[in-house]
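Take a look at the structure below.
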Amino acid sequence: MHFMKRVFQSASVAGLALVLGLGGLVAFTPSAEASSFERLKNKGFKVGTFTRGKSGSRGWYLTNGSERYFCRFKGSTVYIGKTKMVIYTGPGREISMNRKAYEEKAGGPDPSIPMMRDLKAGRPEARLVGACVKQ
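Numbered by the numbering used here, the letters in the sequence shown go through residues 33 to 167 in order.
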């Protein structure tokens with residue numbers, strides 16, 4: 033019985049040390065500065081072309097002088113012209129599809145799917161833009 037009591041006491045001390053150590057690690061880890069797409073646009077940030085970020089995900093760089101943010105693309109499907117469309121996976125991989133075949137199965141064009149020309153021109157709808165992280 034005395035042996036078990038010592039085991040539990042040492043386990044609780046080790047657990048407490050682990051929790052305090054992890055808490056200290058989290059407290060001193062530099063956090064990335066984030067902002068919203070709309071807030072950055074309202075501050076005068078210019079939206080760049082649709083591109084791939086450092087992580088490989090798709091999105092846009094927003095710049096204002098020396099400040100620079102990368103805003104992720106929240107969507108997954110994009111129309112390219114009248115006959116092609118692409119789907120982007122989470123890591124940013126591009127999968128091509130036949131737009132006509134998709135629309136036949138879906139019952140027609142989907143107005144919520146953006147056109148690639150708008151994304152490349154830096155004209156994304158706010159609903160398609162995810163978190164913006166300072167670079």
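Note that CB positions come from ideal geometry on N, CA and C, so glycine has one too.
The model shown is predicted, which means the values in this text are computed figures rather than measured ones.
**Message:** For Y134, which residues in the same chain have their Cβ closer than 8 Å to its Cβ, ignoring the five residues on either side in sequence?
**Reply:** Closer than 8 Å at the Cβ level, and outside the excluded window around Y134, lie M117.
**Request:** Indicate whether the contact test is met: 3 or more Cβ pairs, each with one atom in the stretch 96–104 and one in the stretch 153–165, closer than 8 Å.
**Result:** yes
**Asked** Apart from the five residues just before and just after K75, which ones in its own chain have a Cβ nearer than 8 Å to its Cβ?
**Response** N96
**Rounded Cβ spacing between Y93 and G107 (contact assumed at less than 8 Å)** = Contact flag wrong, Cβ pair sits at about 17 Å.
**Own chain residues within Cβ distance below 7 Å of G88, not counting five before or after** = P123, G124
**Every unbroken beta strand (DSSP E) within the stretch 92–155, with a cutoff of 3 residues, ordered by chain** = 99–105, 109–112, 116–120, 126–130
**Message:** Whole angstroms are fine: how far does the CA of I119 sit from the CA of F82?
**Reply:** 14 Å
**Item:** Distance between K73 and M147 (C-alpha atoms, nearest Å)
**Value:** Distance between the alpha carbons of M147 and K73: 21 Å.
**Prompt:** Under a three-way DSSP split, which group does A163 fall into?
**Reply:** Strand, per DSSP.
**Item:** Neighbourhood of A153 by C-beta distance below 8 Å, restricted to the same chain and skipping five residues each side
**Value:** For A153, where only same-chain residues beyond five positions count, the Cβ hits under 8 Å are T81.
**Asked** Where does K78 sit, in a helix, a strand or coil, going by DSSP?
**Response** strand
**Prompt:** Tell me the DSSP bridge mates of A66?
**Reply:** V165
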